[in-house]
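**Q**
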Amino acid sequence: MRQLRHLALAATVSTGSLVVQPRIAAAQPAAKLDARPRGGPARAQMEQQLRQRLWGIAKERVGFTDAQMTQLERTSRSYDQRRRALAQDERAQRVSLREQLLLPDSQVDQDRVAKALDRLHELQRDRVDLQIAEQKEFASFMTPVQRARYAALQEQLRRRVDSLRRARPDSMTGRP
Numbered sequence: 796m797r798q799l800r801h802l803a804l805a806a807t808v809s810t811g812s813l814v815v816q817p818r819i820a821a822a823q824p825a826a827k828l829d830a831r832p833r834g835g836p837a838r839a840q841m842e843q844q845l846r847q848r849l850w851g852i853a854k855e856r857v858g859f860t861d862a863q864m865t866q867l868e869r870t871s872r873s874y875d876q877r878r879r880a881l882a883q884d885e886r887a888q889r890v891s892l893r894e895q896l897l898l899p900d901s902q903v904d905q906d907r908v909a910k911a912l913d914r915l916h917e918l919q920r921d922r923v924d925l926q927i928a929e930q931k932e933f934a935s936f937m938t939p940v941q942r943a944r945y946a947a948l949q950e951q952l953r954r955r956v957d958s959l960r961r962a963r964p965d966s967m968t969g970r971p
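For the sequence shown, my numbering begins at 796 and goes up steadily by one.
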């Protein structure tokens, strides 16, 4: 059960790409899928099955056509790369901030804390700008109702991932 939860977490980190990439994953040779850093063939197969299930759910609940799913995959892939870069930068800033806050007050580098806080705010603005740009691109091939349904599906997946993270015994987010 724990492995399944871990796989679900790993597979749903990027909800946009997971919902839309099963055709690409299915079309790739097994060697390419198995080249992932952890888990080997069994993990790759489980992730592919999850992607295919999410593909079907998105298509059914949102009402996408095959052409829309192809466009969504392309668009999401582009924005997911940028979203991951923002998340990595944000993690680095939070680590820097946490390191400083764990020091005795006399040793804290105030300038470093200020820079980390400022950068975190910049990253939040960048994330909002990215969402706005992505929504504009979605509007070029989705109806407003489809965009709303897709956003609701993404939110539902995010909440599920958060709940799985909190349920993990080794999760820091599960602690009070």
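In this text, a Cβ means the ideal position worked out from N, Cα and C, and glycines have one as well.
If you're wondering where the values come from, they're calculated on a predicted model, not measured in any experiment.
I need the boundaries of the alpha helix (DSSP H) containing L790, first residue and last residue.
**A** Look at the range of the chain in this structure, 796 to 971, and you will see that residue 790 is not part of it.
**Q** Write down the C-beta distance between A911 and Q888 rounded to the nearest angstrom, noting that I regard them as a contact closer than 8 angstroms.
**A** About 5 angstroms; that satisfies the 8 angstroms criterion.
**Q** Helix, strand or coil: which one does DSSP assign to V903?
**A** V903 falls in the coil class under three-state DSSP.
**Q** Rounded to the nearest angstrom, what separates A947 and V857 at their Cα positions?
**A** If you take the alpha carbons of A947 and V857, they lie about 9 angstroms apart.
**Q** In angstroms with no decimal places, state the Cα-to-Cα distance between R922 and G835.
**A** Rounded to whole angstroms, R922 to G835 spans 33 angstroms at the Cα level.
**Q** Please classify K827: is it buried, with 16 or more other beta-carbons within 10 angstroms of its beta-carbon, or exposed?
**A** Interpretation of K827 is limited by its pLDDT of 39, a score under 50 that renders its predicted location unreliable; the figure taken from the coordinates is listed afterwards. Answer is exposed; the Cβ neighbour count stays below 16.
**Q** Can you tell me whether M864 is helix, strand or coil according to DSSP?
**A** If DSSP states are grouped into helix, strand and coil, M864 belongs with the helices.
**Q** Given 8 angstroms as the limit, is there contact between the segment 926–942 and the segment 862–877, that is, 3 or more CB pairs closer than that?
**A** The segment 926–942, when compared against the segment 862–877, does touch it at the 8 angstroms Cβ threshold.
**Q** Using only the alpha-carbon positions, how far apart do L881 and L918 sit?
**A** Their backbone Cα atoms lie some 7 angstroms apart in a straight line.
**Q** Does the beta-carbon distance from Y925 to R877 come in below 9 angstroms?
**A** The question names Tyr, but residue 925 in the sequence shown is Leu. Cβ distance < 9 angstroms, so L925 and R877 count as in contact.
**Q** Give the straight-line distance between the Cα atoms of P899 and D884, rounded to the nearest whole angstrom.
**A** About 25 angstroms.
**Q** Going by beta carbon distance, what residues of the same chain come within less than 6 angstroms of R954, once the five residues before and after it are set aside?
**A** So no residue of the chain qualifies.
**Q** The alpha helix (DSSP H) with L948 in it runs from where to where?
**A** Where L948 is concerned, the enclosing alpha helix (DSSP H) stretches over P939 to A962.
**Q** With C-beta atoms as the reference, is L867 less than 9 angstroms away from Y945?
**A** The answer is yes: Cβ separation under 9 angstroms.
**Q** Within 10 angstroms of the Cβ of R961, are there 16 or more other Cβ atoms? Answer buried if so, exposed if not.
**A** So R961 ends up on the exposed side.
**Q** CB-CB under 7 angstroms to D904, same chain, minus the five flanking residues each way: which ones, in chain order?
**A** Excluding residues within five positions, the ones whose Cβ falls inside 7 angstroms are Q895.
**Q** Consult DSSP for Q823 and reduce its assignment to one of helix, strand or coil.
**A** For Q823, the predicted structure reports a pLDDT of 39, less than 50, and the residue's modelled location is therefore unreliable. The matter cannot be settled from this model.
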